[in-house]
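Protein chains in written order, with the numbering used here: chain A, 2 to 718; chain B, 2 to 523; chain C, 168 to 335; chain D, 83 to 185.
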Amino acid sequence: MNFLDAIWLIPLFPLFGAVLMFLIGRRLDPQPERSPEALEPELAEAMGEDAGQEHGHHPRFAPTRRLISWICPGTVLVSLLFSIGAVVQLAGLAEKAHQVILYTWLAGLPFHMGDGAVGRFAADLGFLLDPLSGVMILVVTFVGFFIHVYSIGYMGHETGYYRFFGYLNLFVFFMLTLVLANNYALLFVGWEGVGLCSYLLIGFYFHRKSASDAGIKAFVVNRIGDAAFILGIFMIFALTGTVRFLDVNQALHGLSAETAGFGVLSLTALLLFVGATGKSAQIPLYVWLPDAMEGPTPVSALIHAATMVTAGVYMVARSNALYSLAPETMAVVATIGALTAIFAASIAFAQNDIKRVLAYSTVSQLGYMFLAAGVGAYWVAIFHLFTHAFFKALLFLGSGSVIHAMGGEQDMRKMGGLKDKIPTTFWTMAVASLAIAGIPGFAGFFSKDEILWQAWSSPYGSKALWAVGTVTALMTAFYMWRLMYMTFWGECRADEHTKAHIHESPPVMTVPLTVLAAGSVLAGWLGVPKAWAFLPGSFHAFEHWLEPVWVAAAHEAGQGAHEAALEWALMGLSVLLAVAGILIARYLYVQRPELPDRIAEASGPLYPALLNKWYVDEIYNFLFVDGLAKGGGRVLGRFDQAIVDGGVNGAGWMTRFASAVSGWWDTWIVDGTVRLIAFAVKMISYPVRFLQTGFVQQYAAVILAGMAVALGYYLIK
Amino acid sequence: MSEHLLSIVLFTPLAGMFVLLLLPSSNRKLIRVWANIAAFAGFLVSLPLVFRFDRSAEGFQMVEKAPWIPALGAHYYLGIDGISLLLVMLTTVTGFIAILSSWSAIDRYEKQYYAMFLLQQTGMIGVFLSLDFLLFYVFWEIVLVPMYFIIGVWGGPRKLYAAIKFFLYTLAGSVLMLLGILTLYFQHHAQYGVYTFEIDALMQTAMPLHLERWVFWAFFIGFAIKVPMFPFHTWLPDAHTEAPTAGSVILAAVLLKMGTYGFLRFSLPLLPKAAIDPWIVHVMVGLSIVAIIYGALVCLMQDDWKKLVAYSSVSHLGFCTLGIFSLTPNGLAGSVIQQINHGISTGMLFLIVGVVYERRHTRLIREYGGLAHVMPNYAFVFAFAMLSSAGLPLLNGFIGEFTILQGAFEANRVWAAFAVTGIILGASYLLWLYQRTMLGRINNPKNLKLPDLNLREWAVFAPLLVWALWIGVYPKPYFEILEKPVAQLVERVRPGYFEAQAAKAPLEAAQAMESRMEAGIR
Amino acid sequence: MVSAILFYLFALMILGGAVLMVTRRNAVHAALWLVVTLLGVAGVFLLRSAEFLFVVQIMLYIGGVVLLILFVIMLVNLDAEARQPRFHRQWLLALACAVVVGAEIVYVLLSGLEAFRLAPAVTAVQTGGSTERLADVLFSEYLLPFEIASILLLVAIVGSVVMAKKRI
Amino acid sequence: MLYPITTIHYVILSAALLLIGTVGFLTRRNIVIILMSIELILNAVNINLVAFSERFQAMEGQIFAIFVIAVAVAEAAVGLGILIALFRNRETVASDEIDLLKW
């Protein structure tokens with residue numbers, strides 16, 4: 002079976018699953034006549050029904066539901082097998098790129114390119130398998146499959162089961178299209194498609210207004226990034242006349258790096274990067290990711306940890322030829338990456354919701370990946386993406402299992418002492434926390450350490466970036482183990498009812514946890530640092546595997562001066578900081594549990610600032626949402642959401658204020674002139690009205706008079 | 002029979018109308034059945050147009066010419082090219098769907114209602130087929146009358162105000178357009194000594210630039226009111242909110258396209274120097290961009306569902322006019338495709354409001370909430386229409402907007418930068434509308450018992466859904482149909498455009514690449 | 168010589184009848200004076216050798232129309248009418264207009280008098296009665312107008328029947 | 083001037099008849115009289131037609147006179163029909179009392 006030619010089938014399997022769910026989903030999983038939480042509480046009382054609680058009672062479900070739990074994960078499993086087959090066959094090929102073009106999707110018309118030549122605005126529905134997309138499809142399908150299995154257990158008691166799996170499969174379809182696309186236009190299709198699925202999945206509990214608000218926020222903020230992305234695509238069209246990655250790389254191959262200031266190449270690269278910040282939640286456009294925790298936990302695991310958010314990193318790596326020619330933009334990417342890393346890590350310190358901590362940790366880790374890409378070490382960025390997918394997905398699924406055990410409780414302050422009650426979840430999350438902290442032997446250590454080394458040694462990197470990265474490593478270790486100690490150590494702070502109900506998750510949830518835990522450990526060993534030269538070649542497989550993807554120009558940049566001793570020293574330092582972070586967390590949250598609160602008061606404005614996410618949401622609301630209109634009268638202090646009431650997204654209220662003005666303008670001024678003309682005509686008609694007396698003979702007389710005048714005039718002339 | 006195809010397509014609805022008038026008005030069922038048959042026949046008759054249309058032929062096809070008023074030099078002159086083919090197909094499809102959708106919506110004077118609709122069908126098809134200016138003007142006026150009655154008789158509470166405003170507003174515009182036509186007509190006579198209204202003859206008139214500008218402004222007023230472009234759009238929300246569902250579907254899907262079609266068929270080819278004149282182009286593009294952003298902003302503050310969709314059409318058509326006045330092949334082709342997409346997606350959005358209006362008889366968004374619990378199929382169709390309108394890839398909206406933005410980008414990068422914000426605002430007001438009506442909990446007891454879509458409503462939505470998906474996934478035939486007419490337009494407005502350099506990857510070469518399916522090229 | 172006397176006789180009948188018809192208070196008297204005028208006109212037709220028209224005038228006009236008017240007058244029992252003022256408020260303005268127009272016509276006639284001084288009416292040889300000649304022209308060239316006139320009459324009949332019925 | 087009857091005499095005669103008819107039409111209140119005045123005007127036209135038909139030896143004049151009569155008859159019939167309907171609703175035939183059709 003020639004898997005290489007069948008790569009266009011890989012995305013179609015999940016699509017088949019999704020379409021199946023949309024068509025016969027309701028028959029397989031008949032929904033109750035009206036789900037309990039559909040009604041407003043006061044309406045429910047009025048109707049004499051009990052107001053539905055989320056996880057309260059478990060409605061009975063039809064046996065055919067089990068069919069769904071076989072179909073959807075099944076399709077992802079088939080994609081996984083096909084991907085493995087394709088990658089293995091790709092490894093056998095001499096030159097590592099295989100392109101399958103189905104048909105010309107967007108067959109546009111000729112247009113004038115930048116240099117006056119006439120190119121054709123065309124993009125085809127084509128799939129490209131090369132080492133980079135090989136890694137990505139393996140990650141997406143492997144992690145995706147286990148998350149599907151996990152959600153069978155997690156979503157077992159939810160209504161809308163078919164809808165959840167339909168959206169999940171649709172997401173995997175769009176993600177695979179994004180990763181396998183052979184040109185920017187098709188990549189953009191996957192790009193917006195995953196944005197749509199994240200909107201659908203975040204807003205899965207659509208009876209909750211906060212969930213649908215978060216969904217819209219995610220979609221609109223992503224759309225802001227996509228707008229820049231579209232402009233970037235047009236720039237590429239103008240530069241090279243085509244959008245196929247291979248052709249673009251070839252076209253750019255000849256050009257020399259743009260050293261003189263911010264040229265066209267840098268602008269294109271920057272536009273693409275702005276698109277990436279929207280999708281991968283970097284500094285300006287990251288506000289949607291923490292709110293995206295409104296969605297069910299498997300969604301956070303799949304979309305907001307392993308796959309979708311990494312699309313931005315993949316896209317930057319994919320256009321490495323372009324970025325390596327634009328050192329200005331590389332610097333921007335690296336600095337934004339580093340800034341996001343440290344900024345998100347600081348916020349994670351003070352978060353009490355377990356999923357919010359993980360969300361900020363994801364934003365921080367993505368910052369690392371962009372830092373790596375920014376300093377030219379693209380393979381390291383992808384390697385960190387690879388390892389991050391495992392342990393972050395595991396952390397999310399673990400927190401899902403904790404929440405499942407605690408009956409929906411997400412606030413860490415009401416948890417504690419779960420170590421012996423849910424042992425498997427504890428051990429798997431412990432492994433993941435060690436990995437993310439960067440303890441040697443675990444995946445996180447290898448990838449993060451490589452990033453720090455590249456930040457130090459690469460010509461694009463700088464000592465400042467390395468310093469920021471290392472401090473963030475310390476903070477990451479601290480907040481991760483703060484989470485672990487607060488949830489699993491100490492005595493259980495939950496109320497009696499939930500405490501009685503704590504139970505270990507069923508095997509359908511714990512098995513994926515253990516597999517991902519194994520992944521979190523083994524994944525790291527693929528990209529062992531060069532300093533450990535004593536290990537056989539296969540341990541450097543990852544860098545070697547991605548080698549052919551990088552255009553030569555980018556390649557030398559990745560090497561940098563290679564002093565083994567220096568690398569050992571830096572590695573030692575980062576390990577030391579990681580262990581220190583864990584010990585501080587242990588000290589604060591296990592030995593002296595009362596200490597953190599005292600520090601919080603002592604730290605004055607710092608702690609509340611951290612607790613409220615540096616007031617970023619409030620600043621956004623104030624600047625964009627509330628608009629400048631109320632500036633004068635309002636005190637600058639905190640708003641609660643009730644006052645803003647549906648401030649939909651960052652730009653919500655200002656646009657609503659602007660639209661109110663334009664609405665008023667439209668109805669009064671523009672429409673007003675039209676009504677004015679009508680009124681004027683009415684006024685003129687009054688004097689004329691007196692002639693109409695209704696007296697027939699008078700009309701005849703007037704006619705005769707007219708005739709007389711006419712005749713007279715004619716005679717005189 | 003076959004060489005009079007265009008006349009058959011043109012007059013089938015009219016024939017249907019006459020037979021309808023003969024039916025007894027007491028038998029309501031017969032009237033409705035016959036109206037649907039007539040509309041479907043109109044659609045069937047237009048199918049051979051697509052198969053017989055030769056995509057590589059230059060100029061107009063299936064031309065029919067007969068002297069109409071010899072004294073004035075007016076001919077009964079019909080012809081079709083890529084642009085008018087697509088618009089005629091849109092007219093016949095949406096016409097049939099609109100009539101099918103008003104099956105249970107209309108309860109009084111059905112006979113007159115359906116007669117008005119069929120008359121309107123002929124009027125609209127006439128506008129798109131006629132190549133003689135006077136014939137065009139006659140059909141342009143004919144279309145107004147039935148829509149006036151549809152809004153005025155079967156409309157909502159403020160129907161009279163809306164109907165009169167719609168009628169007078171458009172009439173004022175078309176009168177100025179007539180002035181333009183006559184100037185052209187006499188100018189042609191002054192040069193060639195023969196009185197004629199044919200477009201290809203009038204194209205030969207050489208006019209000084211300032212005169213061309215004046216005629217352009219006269220045409221502009223006539224077409225801009227119809228599109229509607231920014232300052233002349235205030236009739237649209239009133240007309241839409243007061244029109245019955247089927248009326249606003251036809252109004253949005255086809256009537257608005259007559260304005261943009263006018264620009265493409267008359268303003269650009271007949272007045273090339275004026276069309277390329279930088280001052281005019283800047284004004285046009287400025288108005289389009291303002292329309293895109295202004296329309297979207299006003300949508301955000303509407304509480305009337307139909308008014309919101311009406312303003313969204315102002316925003317969408319801002320894209321179309323931007324595409325036209327970018328004067329680039331992609332801009333023009335994108336604009337025509339966007340017009341078809343707008344017909345489909347806004348047609349669906351209005352049908353969706355109609356479905357709910359039939360059940361709850363109110364258009365206020367506050368009245369609805371949490372309908373997804375009660376009407377899941379309806380929620381799915383609404384989501385599909387919303388995403389197609391917001392321009393999600395793999396659906397039709399994206400193809401149109403992407404090509405228009407590429408055309409605008411090629412013409413001037415700043416325009417594309419401004420226009421791109423339109424897709425952000427577009428997504429936000431649509432999603433917010435969807436949230437306020439579909440999601441959240443049901444807070445209004447009246448919403449509890451709403452029945453989901455019945456079979457007939459599915460039959461109304463199904464063709465539009467399939468067509469939207471088809472354009473989204475495989476738009477190649479549309480681009481092929483448009484290639485020749487758009488190339489002619491651009492050649493006429495920008496003479497040296499295509500000779501710059503041999504097209505780097507002509508369409509044929511792309512097909513060649515496509516045939517080498519398994520070539521693993523590095 | 169005889170025809171001149173006849174002409175003046177008929178002219179007197181026409182103008183006298185007309186003036187008296189217009190001024191009579193009682194509608195029936197007015198109708199009868201109308202008959203006198205119409206007879207005068209019939210006479211003029213005879214003078215101008217239009218025999219067919221003479222017959223048509225007598226039968227159709229006097230026999231038909233005036234009779235119809237008399238019927239209506241009876242139906243509308245105008246006795247109450249007799250006591251009311253014959254002329255309405257603006258009769259002066261109307262009269263003034265009529266006089267002005269009359270003056271203009273007279274002026275036109277006088278100024279253009281010589282235009283009418285044509286050769287005296289040469290009496291062409293009469294090939295058969297004027298009725299045959301009338302018939303030849305009427306039913307050859309003017310057949311279509313003739314048919315349309317018949318349709319007009321049909322419509323008038325239907326119209327007046329519908330108009331006058333109590334309940335349609 | 084008086085003796086040989088020429089066409090001008092007929093024209094003067096019809097002009098006079100026309101004037102009388104117009105005066106009657108404009109000044110009288112009673113609609114029946116108005117209708118009759120209209121008949122007068124039409125007859126004035128006929129006189130002219132016949133006079134000139136004789137003068138130019140062309141039968142068109144007389145033919146047209148016939149059509150004028152046909153129209154006059156039709157007009158009278160419909161006019162009287164309207165009159166009856168009017169009288170039944172308004173109990174009056176005075177023209178100045180029927181002035182509903184005003185703003």
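Every residue, glycine too, gets a C-beta built ideally from N, C-alpha and C.
What you are looking at is a predicted structure, and each value in this text was computed from that prediction instead of being measured.
Next on the checklist: Going by beta-carbon coordinates alone, are ALA140(D) and VAL93(D) separated by less than 9 Å?
Outcome noted: In this structure, VAL93(D) does not lie closer than 9 Å to ALA140(D) by Cβ.
Checklist entry - Between the stretch 443-459 of chain B and the stretch 311-326 of chain B, do at least 3 Cβ pairs fall closer than 8 Å? => result Result no; under three Cβ-Cβ pairs closer than 8 Å.
Checklist entry - Is the Cβ of LEU181(A) closer than 9 Å to any Cβ of chain B? => result Chain B contact via Cβ: absent.
Item to check | Contact between the stretch 423-436 of chain A and the stretch 459-466 of chain A (3+ Cβ pairs under 8 Å) | outcome: The stretch 423-436 of chain A is not in contact with the stretch 459-466 of chain A.
Next on the checklist: Give me, in chain order, the residues of the same chain whose beta-carbon lies closer than 7 Å to that of ILE348(A); leave out the 5 immediate sequence neighbours on both sides.
Outcome noted: Closer than 7 Å at Cβ, skipping near neighbours: TYR361, LEU611, LYS614, TRP615.
Checklist entry - With DSSP run on the structure shown, which of helix, strand or coil describes HIS502(A)? => result Correct three-state label for HIS502(A): helix.
Item to check | Minimum Cβ-Cβ distance from ALA185(C) to chain A less than 9 Å | outcome: Among the residues facing chain A, ALA185(C) is not included, as its CB has no counterpart in that chain under 9 Å away.
Checklist entry - Whose Cβ in chain D lies nearer than 8 Å to the Cβ of GLY231(C)? => result The contacting residues are VAL155.
Item to check | Where the beta strand (DSSP E) through VAL119(A) begins and ends | outcome: For VAL119(A), the enclosing beta strand (DSSP E) has its first and last residue at 119-130.
Item to check | Touch test, the stretch 501-509 of chain A against the stretch 543-552 of chain A, Cβ-Cβ under 8 Å, three pairs minimum | outcome: The stretch 501-509 of chain A, when compared against the stretch 543-552 of chain A, does not touch it at the 8 Å Cβ threshold.
Next on the checklist: Strictly below 9 Å CB to CB, what residues from chain D border MET188(C)?
Outcome noted: The contacting residues are ILE102, GLY106, ILE115, MET118, SER119, LEU122.
Item to check | Selection from MET439(B), SER8(B), PHE264(B) that minimises the alpha carbon distance to GLY80(B) | outcome: Shortest Cα-Cα distance from GLY80(B) to any of MET439(B), SER8(B), PHE264(B) involves SER8(B).
Checklist entry - Helix, strand or coil for TYR700(A) per DSSP? => result Here TYR700(A) sits in helix by DSSP.
Item to check | For ILE181(C) and VAL202(C), believed in contact at Cβ under 8 Å, the rounded distance | outcome: Incorrect: roughly 12 Å between the Cβ atoms, too far for contact.
Item to check | Three-way DSSP call (helix, strand, coil) for SER57(B) in this model | outcome: DSSP places SER57(B) in coil when its eight states are reduced to three.
Checklist entry - When the cut-off is 9 Å and only beta carbons count, does LEU242(C) lie next to chain A? => result Chain A, which has no Cβ nearer than 9 Å to the Cβ of LEU242(C), makes this no.
Next on the checklist: Within 8 Å, do at least three Cβ pairs link the stretch 206-214 of chain B to the stretch 173-183 of chain B?
Outcome noted: Counting Cβ pairs under 8 Å, fewer than three are found: no touch.
Checklist entry - Going by C-alpha distance, which of ARG192(C), ALA197(C), ALA178(C), LEU187(C) is nearest ILE236(C)? => result ILE236(C) has its Cα closest to that of ALA197(C), out of ARG192(C), ALA197(C), ALA178(C), LEU187(C).
Item to check | Beta-ladder partner(s) of SER131(B), from DSSP | outcome: SER131(B) pairs with LEU79(B).
Checklist entry - Between MET416(A) and the rest of its own chain, which residues show a CB-CB distance below 6 Å, the 5 nearest in sequence each way excluded? => result Taking MET416(A) as the centre and dropping the five residues before and after it, the same chain places the C-beta of THR488 closer than 6 Å to its C-beta, in chain order.
Next on the checklist: Below 8 Å on the Cβ atoms is my contact criterion, and I expect PRO1(B) with ALA106(B) to pass it. Report the Cβ-Cβ distance as a whole number of Å.
Outcome noted: A question about residue 1(B) goes unanswered here, because the residues of chain B that appear run from 2 up to 523.
Item to check | Proximal residues, the stretch 246-274 of chain B versus chain A, C-beta separation under 7 Å | outcome: In summary, no residue of the stretch 246-274 of chain B has a CB separated from any CB of chain A by less than 7 Å.
Checklist entry - Is ARG215(C) helix, strand or coil when you go by DSSP? => result If DSSP states are grouped into helix, strand and coil, ARG215(C) belongs with coil.
Checklist entry - Cβ atoms of GLY520(A) and LEU395(A): under 9 Å apart, would you say? => result With respect to the 9 Å criterion, LEU395(A) and GLY520(A) are classified as neighbours on the basis of their beta carbons.
Checklist entry - What distance in whole Å lies between the Cβ atoms of ARG110(D) and VAL189(C), which are believed to be in contact at a cut-off of 8 Å? => result Contact flag correct, Cβ pair sits at about 7 Å.
Checklist entry - Which residues of chain B have a Cβ atom closer than 7 Å to the Cβ of SER663(A), listed in chain order? => result Those are TYR295, LEU298, VAL299, listed as they occur along chain B.
Checklist entry - I think LEU88(B) touches PHE118(B), with their Cβ atoms under 8 Å apart; what is that distance to the nearest whole Å? => result Actually they do not touch by this definition, with Cβ atoms about 18 Å apart.
Item to check | Test: GLN698(A) CB closer than 9 Å to a CB of chain C | outcome: For GLN698(A), at least one C-beta of chain C is nearer than 9 Å to its own C-beta.
Checklist entry - Which residues of chain B have a Cβ atom closer than 8 Å to the Cβ of ASP292(A), listed in chain order? => result When 8 Å is used as the limit between beta carbons, ASP292(A) is near no residue of chain B, the shortest such separation being about 14 Å.
Item to check | Under 7 Å (Cβ pairs) to chain A, residues found in the stretch 404-422 of chain B | outcome: For chain A, the residues of the stretch 404-422 of chain B that bring a beta carbon within less than 7 Å of one of its beta carbons are THR404, LEU406, GLN407, PHE410, GLU411, ALA417, ALA418, VAL421, THR422, in chain order.
Next on the checklist: Applying the 10 Å Cβ sphere with the 16-neighbour rule, what's the burial state of LYS308(B)?
Outcome noted: Counting Cβ neighbours within 10 Å, LYS308(B) comes out buried, since at least 16 surround it.
Item to check | Which of helix, strand or coil DSSP assigns to ALA67(B) | outcome: ALA67(B) falls in the strand class under three-state DSSP.
Next on the checklist: Buried or exposed for VAL265(A), going by 16 or more other Cβ atoms inside 10 Å?
Outcome noted: So VAL265(A) counts as exposed.
Checklist entry - Rounded C-beta distance between LEU398(A) and ILE148(A)? I'm assuming under 8 Å. => result Rounded, the Cβ-Cβ distance is 7 Å, consistent with contact.
Checklist entry - Which residues in chain D sit within 7 Å of TYR228(C), going by Cβ to Cβ distance? => result Listed along chain D, the residues sitting closer than 7 Å to TYR228(C) by beta-carbon distance are ILE151.
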